[in-house]
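Start counting the sequence shown at 1; every next residue gets the next number (full-length UniProt numbering).
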Amino acid sequence: MDVLLCRASTLTWSQSISPCLHSSAKPFSRCEAKKFRVFCTSDHTQKASQMTVSVTGATGFIGRRLVQRLQADNHQVRVLTRSRSKAELIFPGKKTRFFPGVMIAEEPQWRDCIQGSTAVVNLAGTPIGTRWSSEIKKEIKESRIRVTSKVVDLINESPEGVRPSVLVSATALGYYGTSETEVFDESSPSGNDYLAEVCREWEGTALKVNKDVRLALIRIGIVLGKDGGALAKMIPLFMMFAGGPLGSGQQWFSWIHLDDIVNLIYEALSNPSYRGVINGTAPNPVRLAEMCDHLGNVLGRPSWLPVPEFALKAVLGEGAFVVLEGQRVVPARAKELGFPFKYRYVKDALKAIMS
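Here it is as structure tokens:
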């Protein structure tokens, strides 16, 4: 959803960047479905027993791919949405054979969906890539707290025999605050700014889930994929020879390929070792200028034209610091768990995405 608060991370990046949970109401094509099925067939995690998974934020950038992954492996998916019409545009199961295992439910049906589910994935949240006002900031926080609180309450109220055993809940790198010099892992303290506050409350709400329910909190970085997230807005700028770093370019860019974040969530659903906080980032974060150089090289375009700070501040106001500052975050817990990153270096990720 889209999953926020990564400064130069999970947040929606207006004008030049969009959120890791950003949703564009674009249904999957037949070719995409076939291609993805081939990928899933060879993946080791397919051996997991069949699950029934309820998903909030399923129409977002990550959510759409996660639903596709689950459905391709013959798991049952319950899409918990506030807009049936939007969800049906993206998951047209009634008219095609692409999503036969997907059930769409609006809020009044969430309780029945959660009861009897094997697990719940919570990815919901309002995009934040607009000029911030007191009202917008309030909605940024409340949208995440509201959905997470509802999901947790419905899980806790479920009778023991039909209560989900797993909750995988999104959070973001905004938890750590920003720094050009510090390295953050899951043991690092929280920051002291607005986004860190949002993430703390977001996570604190998820932590209220019944202690018998295994909880994995995934702090998601900047998600890279072709049809959404940061690259969806950056690629056109580069193709017009207008691409380049934002601000100084020295801020850290803690990224992850879309396939890897989906696989990490998927693994957390079925592997009992995945619990507590897990950073959803690739092992090798880069400076934003380096990322833009690699993107320019892959696209055959220069990355010499930086976007100045005053231009971002004119568009985003207070929200500009999200892209003008960053943090260097490493996935210590995922590496400890032996998670097999498919894309460890941003150069390889960008080549795969653009091939």
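Where is the CB? At the ideal position from N, CA and C, for every residue including glycine.
The alpha-carbon separation between Gly125 and Thr148 amounts to approximately 9 Å.
Distance from the CA atom of Asp193 to the CA atom of Val79, rounded to whole angstroms, is 33 Å.
Ranking Asp227, Cys199, Ala232 by CA distance to the CA of Leu217 puts Cys199 first.
Under DSSP, Val298 forms no beta bridge with any residue. A Cβ-Cβ contact shorter than 7 Å links Leu350 with His294. Of all alpha-carbon atoms in Phe310, Val277, Gln109, the one lying nearest the alpha-carbon of Pro331 is that of Val277. Three or more beta-carbon pairs separated by less than 8 Å link the region 327-344 to the region 172-179, which places the two stretches in contact. Taking the C-beta atoms as reference points, Leu224 is found nearer than 7 Å to Trp255.
Of all alpha-carbon atoms in Ala105, Phe61, Asp348, Leu207, the one lying nearest the alpha-carbon of Val53 is that of Ala105.
It is roughly 11 Å from the alpha-carbon of Arg144 to the alpha-carbon of Ala172. Taking C-beta atoms as the reference points, Arg64 and Val262 fail to come closer than 7 Å. According to DSSP, residue pairing for Phe253 in a beta bridge involves Val286. The straight-line gap separating the alpha-carbon atoms of Asn271 and Pro302 is approximately 43 Å. A Cβ-Cβ distance of about 12 Å is found for the pair Val213 and Leu269, leaving them out of contact under the 8 Å criterion.
By the neighbour-count criterion, in which a residue is buried when 16 or more other Cβ atoms sit within 10 angstroms of its Cβ, Glu203 is buried. Approximately 7 Å separates the beta-carbon atoms of Gln250 and Ala289; this is inside 8 Å, confirming the contact.
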